[in-house]
Amino acid sequence: MSAFQTSEPLRLLVAAPMLYHPRCGNGGGVLCFDLLRHLAPYAEVHFVGFGAGPGAAQADDEALQALQTVARSVLKVEPPTARGGALGALQQLATGLPREVRGLRSATMRSRLAEVAVRERVHAVLLQFPHMAQYVDALPGRPVVIDVQDACMVSRYREWQASTGGRLRRWRRLHSWWAWARHERRCYRQAQGLMALSDTDLGVLRAFVPEVPAFLSGAAWETAAAPGTGTSAAQAPVVFMGNFAHAPNADGLRWLLAEVWPRVRARCPQARLQVIGRNLPAGFASDEQAGVQAVGYVEDLRPWLSSAALSLVPYRFGGGIKIKALEAMAQGCPVVATRVGSEGLHAVDGVHMRIADEPQAFADAVVQLLQQPALREQQARQALDLVAARFSWAGKVEALLAELQGVVQAHASRRAALAA
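Sequential numbering from 1 applies to the sequence shown in UniProt numbering.
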């Protein structure tokens, strides 16, 4: 790989709001870990991240062990004590700062980032996720790129637009969007580069923060050799997977169960839905009569995708790219998604996946694919071809290293001009 041409390897400080690893149950976290794994041969990575807090020592240890295989140094910072519930909402209202950001405000993190940057003489800093953008001013003298992952000014706006219920609930969603947009714009303006996962987020970043160079660094995934067996197996289940502490997943599950799945079952009485992932909503349980199975967390999604007929991505809001859709496509499992769920994948409706927003249209797409195994297999193969062509790790890493090289060189030129 020739993208980053210097006399020494790029030294990169990466900071994240979590200790991620391949089994963390968070699509964005898995993608971030894989990025470090593929960067490791070409860059010297130093990682700093927040632990999961009290009672999570075992999970943190597993993550630290995994991170130590892809980073030169790894440092855990204990998270501050967060205030949730009504008090957290009131503080967000009073301060105008998103409570998720305030929950990760840490003087220890700020000092540790500065210490690692100086000790390891890093060339650049990569702050991952909008929550970590608050540390953009903690690293004077180093160019900072913010790996946005999910632009909250996009996802929170959509959440407000999709919200139902009373005026207070909608007003709180509106205020959350305002707080995030204000936070992101203020912090992103201080960075030297902005990295987006999807074309939608890239366009919004360029519109809201035109003074900072923004670039697209899409997701990447390794493909299976062939479509999974579920594409031709009779009575194979339909799956919906995700971390249901994430609002778009919880909302998508509610919408799927209330508006879509009954329409599917009316025409396919034997259809089965498996809901897979961490933090299943309180009160949600398997319902044999409705054909719904609450699976919960599994360590490896690949066997479940390989044996599934379809994977559903019923997002009504959210930003970035939906890793669950990309993972299913790469595994050879056909996908039905909303337009939000398909963003950033360059997928064509009816070719690489089925895309529908209205409940009836979404259900129609599910039923059609369930009833036509040959069509499922054709879509799965076309999706595999798309992932192989557009989502390779080699292409992503080479392009990202070139972007980072440009940021480092531009920063050095500005400093030289100021010193002249």
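Beta carbons are placed, not taken as given, at the ideal position from N, Cα and C, and that holds for glycine.
**Prompt:** Could you give the distance in angstroms between the alpha-carbon of residue 31 and the alpha-carbon of residue 300?
**Reply:** Taking the Cα positions, residue 31 is about 15 Å away from residue 300.
**Sequence-distant residues of the same chain with beta carbon closer than 7 Å to residue 114, five excluded per side** = Closer than 7 Å at Cβ, skipping near neighbours: 138, 139.
**Message:** Within 10 Å of its beta-carbon, does residue 143 have 16 or more other beta-carbons around it, so buried, or fewer, so exposed?
**Reply:** Classification for residue 143: buried.
**Message:** For residue 157 and residue 173, I'd like the C-alpha separation in whole angstroms.
**Reply:** Going from the Cα of residue 157 to the Cα of residue 173 covers about 8 Å.
**Asked** So residue 44 is in the beta strand (DSSP E); what residue range does that whole segment cover?
**Response** It spans 43-50 - the beta strand (DSSP E) in which residue 44 sits, taken as one unbroken run.
**Item:** Residues of its chain near residue 272, where Cβ-Cβ distance is below 6 Å and the 5 sequence neighbours each way are ignored
**Value:** Sequence-distant Cβ neighbours of residue 272 in its own chain, meaning closer than 6 Å and more than five residues away, are 237, 291.
**Asked** Closest to residue 247 by CA distance: which of 222, 159, 185, 202 is it?
**Response** Closest by alpha carbon: 159.
**Prompt:** Alpha carbon to alpha carbon, what distance is there between residue 133 and residue 195?
**Reply:** The C-alpha of residue 133 is placed about 12 Å away from the C-alpha of residue 195.
**Simplified DSSP assignment, three categories, for residue 73** = Residue state for residue 73 is assigned as strand, using DSSP reduced to three classes.
**Asked** From the DSSP output, which residues share a beta bridge with residue 294?
**Response** In the DSSP secondary-structure assignment, residue 294 is bridged to 275.
**Prompt:** How many Å lie between residue 192 and residue 282 at the Cα?
**Reply:** Counting only the Cα atoms, residue 282 lies some 42 Å from residue 192.
**Item:** residue 203 to residue 249 span [Cα, whole Å]
**Value:** A straight-line Cα-Cα distance of about 24 Å links residue 203 and residue 249.
**One or two residues paired with residue 111 in a DSSP bridge** = Looking at the DSSP output, residue 111 sits in no beta bridge, so it has no partner there.
**Message:** Buried or exposed for residue 155, going by 16 or more other Cβ atoms inside 10 Å?
**Reply:** Classification for residue 155: buried.
**Message:** Measuring straight from C-alpha to C-alpha, what distance separates residue 233 and residue 151?
**Reply:** Reliability fails at residue 233, whose pLDDT of 48 lies under 50, so the model's placement of it is uncertain and no value is given.
**Asked** What is the DSSP secondary structure of residue 201, reduced to helix, strand or coil?
**Response** Under the three-state reduction of DSSP, residue 201 is assigned to helix.
**Request:** Would you kindly report the start and end of the unbroken alpha helix (DSSP H) that includes residue 422?
**Result:** Since the first residue shown for the chain is 1 and the last is 420, residue 422 is missing from the structure and cannot be characterised.
**Between the CA atoms of residue 333 and residue 398 - distance to the nearest angstrom** = Distance between the alpha carbons of residue 398 and residue 333: 28 Å.
**Distance between residue 308 and residue 229 (C-alpha atoms, nearest Å)** = With a pLDDT of only 46 at residue 229, under 50, the local geometry of the prediction cannot be trusted, and the value read off the model is given with reservation. One alpha carbon belongs to residue 229, the other to residue 308, and they sit about 8 Å apart.
**Message:** If contacts are defined as beta-carbon pairs under 8 Å, then residue 70 and residue 45 qualify, I think. What distance do you get, rounded to the angstrom?
**Reply:** Contact flag correct, Cβ pair sits at about 7 Å.
**Asked** Between residue 280 and residue 293, what straight-line distance do the alpha-carbon atoms span, to the nearest angstrom?
**Response** For residue 280 and residue 293, the distance between alpha carbons rounds to 11 Å.
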